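In my numbering, the protein residues as written are 1 to 326. C-beta atoms are modelled at their ideal positions from N, C-alpha and C, and glycine is treated no differently. Note that this is a predicted model, so its numbers are computed, not measured. Here is the structure we will look at.
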């Protein structure tokens, strides 16, 4: 396995993906549920409700809980709970019991709502498509069953996912996750997969906003060693238009988080103004194109601390002028 210095933030990546593309996730994995929801009414995320649920899970397993209120076509309200676990190996025996406790707590607070609980297991390649909790004493029996997506099994369905991807961005998220796992042993293979997905976004017809969001997911999951990541970025500049390139994550990460890490190579140490100026110029040129004379003059006259502050501003500035105004 190659070393990228950092591991993907699976928890944060999947949380972001669900927040942005929840309807697409439901359509991909649970189409029968998707068909019952009135998607003209936006889902309502219930973050406060999640706080009480999280107290249940005391284990060290990395997980993401996503709770949303959905309006059904018949006019009633449903609560949707998606539980995602990030782990290698088999699922713990108490998963079904914890999901049951989740359900009980939600039903206690919302007795008049419908409820749908489901789980996505990122690393389980074998296992049933449902999990159940069963307890029986004499004629008393409790049975709770919920659907499970064993995502690693979807590696056999990549062709199907590619067919779906033009109309469902969550299929792209799944393809990126599968590529992340499939290329753990080879940085070169990961670069090929990363470039292929980036190219396909445009072929699939996604607009700039959607491509930008999906590029962030792809870039965050398919981490590469620095040299190959620069290779990816350079190739991407040939694929994408300037509007998209102004926002892609690779610029922020490659030229800021890695190369401009504070004190790395002494760029921001006292007397390193020239190095800081060169880095800032690189950031600005990649995001805004060739620099006008007035911008070059300001960079030339600034001290190191000012250059560092301007470099931070580049990440969120929408115009060149805004970099220097903040």
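Buried versus exposed, by CB contacts within 10 Å (16 or more), residue i
i: residue 186; result: exposed
i: residue 48; result: exposed
i: residue 213; result: buried
i: residue 203; result: exposed
i: residue 297; result: exposed
i: residue 317; result: buried
i: residue 238; result: exposed
i: residue 60; result: For residue 60, the predicted structure reports a pLDDT of 48, less than 50, and the residue's modelled location is therefore unreliable. A value from the coordinates is still provided. It is exposed - the Cβ of residue 60 has fewer than 16 other Cβ atoms within 10 Å.
Contact set for residue i: own chain, Cβ-Cβ below 6 Å, skip 5 residues either direction
i: residue 14; result: 64 and 84
i: residue 23; result: 39
i: residue 100; result: 133 and 144
i: residue 312; result: none
Cβ-Cβ separation, residue j to residue i (assumed contact under 8 Å), whole Å
i: residue 154; j: residue 174; result: 6 Å
i: residue 148; j: residue 119; result: 5 Å
i: residue 295; j: residue 307; result: Actually they do not touch by this definition, with Cβ atoms about 12 Å apart.
i: residue 67; j: residue 36; result: Contact doesn't hold; Cβ gap of about 18 Å is too wide.
i: residue 158; j: residue 178; result: 7 Å
i: residue 235; j: residue 197; result: That pair is no contact at about 12 Å.
i: residue 26; j: residue 33; result: 6 Å
Cα-Cα separation, residue i to residue j
i: residue 293; j: residue 287; result: 17 Å
i: residue 325; j: residue 282; result: 19 Å
i: residue 322; j: residue 302; result: 16 Å
i: residue 77; j: residue 169; result: 26 Å
i: residue 133; j: residue 95; result: 9 Å
i: residue 220; j: residue 140; result: 49 Å
i: residue 117; j: residue 138; result: 28 Å
i: residue 200; j: residue 123; result: 25 Å
i: residue 273; j: residue 82; result: 50 Å
i: residue 211; j: residue 225; result: 23 Å
i: residue 29; j: residue 167; result: 14 Å
i: residue 276; j: residue 232; result: 24 Å
i: residue 75; j: residue 44; result: 15 Å
i: residue 289; j: residue 16; result: 30 Å
Close beta carbons around residue i, own chain, < 7 Å, minus the five adjacent residues each side
i: residue 125; result: 150, 152 and 153
i: residue 79; result: 67, 69, 106, 110, 113 and 115
i: residue 228; result: 187 and 191
i: residue 176; result: 197, 217, 218, 221 and 222
Query raised in the report: Taking the runs of the alpha helix (DSSP H) that are 4 residues or longer, which of them lie wholly in the region 2-85?
Result: Fully enclosed alpha helix (DSSP H) runs of 4 or longer: 10-29, 31-34 and 47-54.
Requested in this report: Jot down the residue ranges of each uninterrupted beta strand (DSSP E) in the region 149-214, minimum 3 residues, whole runs only, in chain order.
Outcome: Correct list: empty.
Query raised in the report: Which runs of the alpha helix (DSSP H), 4 residues or longer, sit entirely within the region 284-315?
Result: Counting whole runs of 4 or more residues, the region 284-315 contains the alpha helix (DSSP H) stretches 293-301 and 304-314.
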